[in-house]
DNA sequence: CTGAAAGCGCTTACAG
DNA sequence: CTGAAAGCGCTTACAG
């Protein structure tokens, strides 16, 4: 009961050597159909399960599992991707004795993404962890990986691709609903909301749109008949806010209640409100960016929603390892929890 | 660089056999002082680190790590402890190939806790996971464990004990502050709050008191000068609410705003409010108890705070394993995040 | 098509 | 006090 059955017992039961059992287990050639089937039957009967620890101990030296990670380049104004990387590295450390090797590649735009993708496909990796920012390039990469039977898991964002794939990311629609719940809780059942997509030259990200949709759905579902208006603007990060007459109007509207920033740039809002003498406006944003946390502490932002980026990276590596060693993909599709952060649980004491 | 140094290399460098290296690594007797020191020096120089995977593969068959778990008995009206147990079992499954054996013991009161504690100490376990509900009995058990050099980690609650110990639990004071932040966000800066400790015959739990203290501290710190009053009652679960004149008064008070229930019994509140025709009162409670989630879905409870009980159990086993195999206690002291749950992120879609 | 041997890094008797 | 051998469960050349 306690001691699980091993390759040795299987061999004895089948009257063969352990080498032959191993050949069957790995579907390698060179076994007669009869013995193969006999062994298969015994494996099924006994419920044999490979001992991953023993297997990896053996292979750790000679055949490491090679995983390529292709993520955005960290720059001074976009440090977010340090966090998934941190989680990836934690997983790598935990698995270091199991024979794992992770190589990082970075991109800045569709072109460099495609180029790096090709480089990765040239080297024979066992798996790929990346990000689905560019639909055409992703489909291209995914189809190549499919052909080579290389599993791919996408982080951060979910988009519709030509082939089914694994995604570890927050459900952005749901996150938008949570944001609406929080903002609505703060301001009550009537008022004018303001959704701000602060966009860079990368344009409007799929996550931003999904979050806005969720935000709007919350009100459409729960408060259809209330006097609630939601205005959206796509504000380029490098242009002054006040230049936009819509924004000016919203600032002067006494019914203005709350602002939902669909990405991590919410820390820009408090200063703008102050400059324009706008008070009593609640703000909800995303990500535990340093400046966002600072605003949270000063109570200039009310809530932040965390996408748990370290956790995403960590789970991707752990889940991929489990898939590669046990053919179990169950950890490769994950809805990361929508974590709500306020001043008192933001981690800094 | 890539291939880490192993016991074999150490042996070669020291001109001894691997057996002798092993003896030094495990501080076993039978090595001359000179060789011992030579080997120690080489270990230090090379930064040798034991390969846990190889070590456990070897020992999994003959010397399993035995961990005793002593937790409250699950009953029909207190199912909470199923959850830490679930996390424990998940960890046990993940570590099954590493040679681990967990035995469960249950208590219902101080007497059975002490008795089970003695039973556990009689059998030689490698570690103990339990719960610090009864101070005297815990100190007793902890001192015995100390004498036997058996590490102990406590879940769920932190209390002051005679010896330092490991705790994996939510910071209840902080959780109370979070609850206050949420309730305050909903009701604004003025009003009368109501803290309800719904107590059973087990009496007021340390967590409840700590949560109430945190709740009060939030208002004392942030809104000292505002017209905020906080009333606390300890309501026995088996007695009707309305019988208490204080509660009657609070119900009739137009300034009443929010109720903070310091444990998982918040699901009792909505029905009481309804019976007494009390509306527009916000409710914050604890734990993802089935009935609480039901109230959350019906928007009768606004926020729940989750203590992540599965995570606590999981972390206890994983952390204890790491401690036993690598002498690394870093995962045995943990502030579990104060997780905020609303209807939209409660997990059920 | 199949088996026997060597080995992954560590641990444990056993022999001297 | 020290070493050589056997073994944990699996994997890989190599021999036949």
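Protein chains in written order, with our numbering: chain G, 95 to 443; chain E, 95 to 443. Built from N, CA and C at the ideal position, the CB exists for glycine as well. Owing to the predicted nature of the structure, the values given are computational and were not obtained by experimental measurement.
With DSSP as the reference, please indicate the residues paired to residue 429 (chain E) in a beta bridge.
-> For the purposes of this step, residue 429 (chain E) is taken as the residue at position 335 of the second chain. DSSP lists E:263 as partners of residue 429 (chain E).
Thinking just about the alpha-carbon of each residue, which of E:223, E:213 and E:153 is nearest to the one in residue 179 (chain E)?
-> As a working mapping, residue 179 (chain E) is identified with position 85 in the second chain. Taking only the C-alpha atoms, the option nearest residue 179 (chain E) is E:223.
8 Å contact criterion, which residue 406 (chain G) and residue 181 (chain G) should meet: CB distance rounded | Within the first chain, numbered from 1, the residue matching residue 406 (chain G) stands at position 312. Within the first chain, numbered from 1, the residue matching residue 181 (chain G) stands at position 87. Right, the Cβ-Cβ distance comes to about 6 Å (below 8 Å), so this counts as a contact.
Could you say if the stretch 331-347 of chain E and the stretch 286-297 of chain E meet the contact criterion of at least three C-beta pairs nearer than 8 Å?
-> yes
Any C-beta of chain G sitting closer than 7 Å to the C-beta of residue 148 (chain E)?
-> Position 54 of the second chain, counted from the first residue, corresponds to residue 148 (chain E). So, interface residue.
Run through DSSP, which three-state label would residue 238 (chain G) get?
-> Here residue 238 (chain G) is taken as the residue at index 144 of the first chain, counted from 1. Correct three-state label for residue 238 (chain G): helix.
Could you tell me the boundaries of the beta strand (DSSP E) in which residue 408 (chain G) lies?
-> Residue 408 (chain G) sits at position 314 when you count from the first residue of the first chain. No beta strand (DSSP E) contains residue 408 (chain G), which is instead part of the alpha helix (DSSP H) from 403-420.
Give the straight-line distance between the Cα atoms of residue 111 (chain G) and residue 247 (chain E), rounded to the nearest whole angstrom.
-> For the purposes of this step, residue 111 (chain G) is taken as the residue at position 17 of the first chain. For the purposes of this step, residue 247 (chain E) is taken as the residue at position 153 of the second chain. So the two alpha carbons sit approximately 46 Å from each other.
Look up residue 439 (chain E) in the DSSP assignment and say whether it is helix, strand or coil.
-> Residue numbering aside, residue 439 (chain E) sits at position 345 when the second chain is read from its first letter. Three-state result, residue 439 (chain E): helix.
Evaluate residue 198 (chain G) with the Cβ neighbour count: other Cβ atoms within 10 Å of its Cβ, from every protein chain shown; 16 or more gives buried, anything less gives exposed.
-> Here residue 198 (chain G) refers to the residue found at position 104 of the first chain. Residue 198 (chain G) is exposed by the Cβ-count criterion.
In or out: residue 452 (chain E) buried (at least 16 other Cβ within 10 Å) or exposed?
-> For chain E, the structure presents residues 95 to 443; residue 452 (chain E) sits outside this window and is missing.
Would you list the residues sitting across from residue 325 (chain E) in a DSSP beta bridge?
-> Position 231 of the second chain, counted from the first residue, corresponds to residue 325 (chain E). Residue 325 (chain E) is bridged to E:288.
Taking buried to mean at least 16 other C-beta atoms within 10 Å of its own C-beta, is residue 352 (chain G) buried or exposed?
-> The count along the first chain starts at 1 and reaches residue 352 (chain G) at position 258. The residue is buried, with at least 16 neighbouring Cβ atoms inside 10 Å.
Under 8 Å from the C-beta of residue 210 (chain E): neighbouring residues of chain G = Taking the second chain and counting its residues from 1, one reaches residue 210 (chain E) at position 116. Here the premise fails: no neighbours, minimum Cβ distance about 23 Å.
According to the Cβ coordinates, are residue 367 (chain E) and residue 375 (chain E) closer than 7 Å?
-> The residue you call residue 367 (chain E) lines up with position 273 of the second chain. The residue you call residue 375 (chain E) lines up with position 281 of the second chain. Contact flag set, yes.
Find the residues of chain E that neighbour residue 388 (chain G), judging by a C-beta separation of less than 8 Å, and give them in chain order.
-> Counting from 1 along the first chain, the entry for residue 388 (chain G) is found at position 294. What residue 388 (chain G) touches in chain E: nothing, since even the nearest Cβ is about 17 Å away.
With distances taken Cα to Cα, identify the nearest neighbour of residue 363 (chain E) among E:349, E:396 and E:187.
-> Taking the first residue of the second chain as position 1, residue 363 (chain E) is located at position 269. Answer by Cα proximity: E:396.
Under the three-state reduction of DSSP, which class applies to residue 315 (chain E): helix, strand or coil?
-> Counted from its first residue, the second chain places residue 315 (chain E) at position 221. Here residue 315 (chain E) sits in helix by DSSP.
For the stretch 419-434 of chain E, which residues have a CB atom closer than 8 Å to at least one CB atom of chain G, in sequence order?
-> 431, 432, 433 and 434
Which residues DSSP lists as bridging residue 69 (chain G), in chain order | As displayed, chain G neither begins before 95 nor continues past 443, which places residue 69 (chain G) out of reach and without an answer.
Would you say residue 349 (chain G) reaches chain E, if we count a Cβ-Cβ gap shorter than 7 Å as a contact?
-> In the first chain, residue 349 (chain G) corresponds to position 255, counting from 1. By this cut-off, residue 349 (chain G) is not an interface position.
Establish whether the CB of residue 271 (chain G) and some CB of chain E are separated by less than 7 Å.
-> The sequence position of residue 271 (chain G) within the first chain is 177, counting from 1. Cβ-Cβ to chain E under 7 Å: yes for residue 271 (chain G).
Assuming residue 233 (chain G) and residue 208 (chain G) form a contact by the criterion Cβ under 8 Å, report the distance between their Cβ atoms to the nearest whole angstrom.
-> Translated into the one-based positions of the first chain, residue 233 (chain G) becomes position 139. Translated into the one-based positions of the first chain, residue 208 (chain G) becomes position 114. Incorrect: roughly 11 Å between the Cβ atoms, too far for contact.
If we count Cβ pairs, one from each stretch, closer than 8 Å, do we get three or more for the stretch 161-171 of chain E versus the stretch 377-395 of chain E?
-> no
Start-end ranges of the alpha helix (DSSP H) lying completely within the stretch 357-402 of chain E, minimum 4 residues = 363-369 and 384-391
Decide if the stretch 255-273 of chain E is in contact with the stretch 304-317 of chain E; the criterion is three or more beta carbon pairs, one per stretch, under 8 Å apart.
-> yes
List the whole-angstrom C-beta distance separating residue 358 (chain G) from residue 174 (chain G), where the pair is believed to meet the contact cut-off of C-beta under 8 Å.
-> Position 264 of the first chain, counted from the start, is the residue given in the question as residue 358 (chain G). Position 80 of the first chain, counted from the start, is the residue given in the question as residue 174 (chain G). With 8 Å as the limit, residue 358 (chain G) and residue 174 (chain G) qualify as a contact, their Cβ atoms being about 7 Å apart.
Can you grab the Cα-Cα spacing for the pair residue 438 (chain G) / residue 217 (chain G), in whole Å?
-> By 1-based counting over the first chain, the position of residue 438 (chain G) is 344. By 1-based counting over the first chain, the position of residue 217 (chain G) is 123. Each residue's alpha carbon lies about 47 Å from the other.
If residue 147 (chain E) sits next to residue 133 (chain E), beta carbons under 8 Å apart, how far is it from one beta carbon to the other, in whole angstroms?
-> Locating residue 147 (chain E) in the second chain gives position 53, counting from the first residue. Locating residue 133 (chain E) in the second chain gives position 39, counting from the first residue. With 8 Å as the limit, residue 147 (chain E) and residue 133 (chain E) do not qualify as a contact, their Cβ atoms being about 22 Å apart.
According to a CB-to-CB cut-off of less than 9 Å, which residues of the stretch 177-193 of chain G neighbour chain E?
-> 190, 191 and 192
Could you spell out where the beta strand (DSSP E) holding residue 159 (chain E) opens and where it closes?
-> Locating residue 159 (chain E) in the second chain gives position 65, counting from the first residue. Where residue 159 (chain E) is concerned, the enclosing beta strand (DSSP E) stretches over 159-166.
Is DSSP giving residue 333 (chain E) helix, strand or coil here?
-> Numbered from 1 along the second chain, position 239 holds the residue referred to as residue 333 (chain E). Three-state result, residue 333 (chain E): coil.
Identify the continuous beta strand (DSSP E) that holds residue 217 (chain E) and give its terminal residues.
-> Reading the second chain from its first residue, position 123 is the one you call residue 217 (chain E). That residue, residue 217 (chain E), is in no beta strand (DSSP E); it is neither H nor E in DSSP.
With 16 as the cutoff for other CB atoms within 10 Å, does residue 257 (chain G) come out buried or exposed?
-> Residue 257 (chain G) sits at position 163 when you count from the first residue of the first chain. Result: exposed.
Which residues bound the alpha helix (DSSP H) around residue 197 (chain E)?
-> Here the question's residue 197 (chain E) lines up with position 103 in the second chain. Careful: residue 197 (chain E) lies outside any alpha helix (DSSP H), inside the beta strand (DSSP E) at 194-201.
Where does residue 147 (chain G) sit, in a helix, a strand or coil, going by DSSP?
-> Counting from 1 along the first chain, the entry for residue 147 (chain G) is found at position 53. DSSP places residue 147 (chain G) in helix when its eight states are reduced to three.
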